[in-house]
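Residue numbers (the working numbering): 10 to 284. Here's the structure we're looking at; comments come further down.
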Ligand code: PGA
């Protein structure tokens, strides 16, 4: 492994922050702080709250901002009686390109399980392969919706030496019954639960070790090419001061950024990690 050049990816996970007017300001500020070369070198995705997807998407489109759009969650059905939920089709129609699935906050507070993660991923990917609703799409093809699967151990599990096992199981279950082609659209975010929102990031070496394990599981689930091709993000207290140490690791292709992504200065500095 190690020959493929994977395109770096930085994802802003806004969580439940910023309303739709604030997100306009945010995108404008972020744009001013970046050069065209930066966003050629690094793919940048903004995952705002559901209520901001339309606003953010329109601004990105009309001002040709160099950002992709992500969602933070998705239901597994195309439509139906699921009060409060949002379908893969609804996201695709807003030109959403990525969707975060199985974030540890969903697992902790909203009863997310690996089985539900798997249903969501399968729904997103089956839509990607058979875009329904093409007839009424005014502007041609809908984008492929790519899952960003989040996995990670708790501090207790790490202390018990269970990290590899816990992370592997989340992958086996979350990515069960996907064919190799489907696997190739998945991004995996390794986010140790104890590092999220704590200001205490993992050591880059610790993260890289888990990434190597993740690639082994991906090779088992798909092929060597799957392992080589899949982008792996680190998440958990990423900031402008520590991002470079993660990005110099061959195994790490980008970051899923929470707190620091809400500040355009900080997120721009994370994107320009080499500066
Ligand atoms: P954090 O969150 O950067 O605030 O630690 C990361 C995440 O939850 O994705």
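Cβ atoms here follow ideal geometry from the backbone N, Cα and C, with glycine treated the same way.
| Item | Value |
| --- | --- |
| Grab me the residues of residue 76's own chain with a C-beta within less than 6 Å of its C-beta, minus the 5 sequence neighbours each way, in chain order. | 53, 55 and 69 |
| Roughly how many angstroms lie between the CA atoms of residue 34 and residue 272, to the nearest whole one? | 11 Å |
| Taking all protein chains shown into account, do 16 or more other C-beta atoms lie within 10 angstroms of the C-beta of residue 73, making it buried, or fewer, making it exposed? | exposed |
| Could you have a look at residue 89 and say whether DSSP puts it in helix, strand or coil? | coil |
| Can the beta-carbon of residue 97 be found less than 8 Å from the beta-carbon of residue 130? | no |
| Would you tell me roughly how many angstroms separate the C-alpha atoms of residue 147 and residue 259, rounded to the nearest one? | Any reading at residue 147 must be qualified, since the residue scores a pLDDT of 49, below 50, and its modelled position is unreliable; no value is offered. |
| Is residue 247 near the ligand PGA, going by C-beta to nearest heavy atom under 7 Å? | yes |
| Contact check, residue 105 vs residue 80 under 8 Å by CB: the rounded distance? | 5 Å |
| Determine the direct distance from the alpha carbon of residue 264 to that of residue 246, and round the result to whole angstroms. | 10 Å |
| Pick helix, strand or coil for residue 276, following the three-state DSSP scheme. | helix |
| Where does residue 97 sit, in a helix, a strand or coil, going by DSSP? | helix |
| Under three-state DSSP, which class holds residue 146? | Low confidence applies to residue 146: its pLDDT is 46, below 50, so where it sits in the model is not reliable enough to give any reading. |
| Where residue 160 and residue 173 are concerned, what is the direct C-alpha to C-alpha distance, given to the nearest angstrom? | 11 Å |
| Beta carbon of residue 241, beta carbon of residue 262: below 8 Å? | yes |
| Across the segment 43–53 and the segment 80–93, are there enough close Cβ pairs to call them in contact, namely three or more that are closer than 8 Å? | no |
| What separation, rounded to the nearest whole angstrom, lies between the Cα atoms of residue 200 and residue 225? | 17 Å |
| For residue 80, does the three-state DSSP call read helix, strand or coil? | strand |
| Could you tell me the boundaries of the alpha helix (DSSP H) in which residue 179 lies? | 172–183 |
| Out of 206, 188, 257 and 253, which one is the CA nearest neighbour of residue 232? | 188 |
| Relative to the C-alpha of residue 7, which candidate in 252, 18 and 203 has its C-alpha closest? | This structure leaves residue 7 out entirely; the chain is present only between 10 and 284. |
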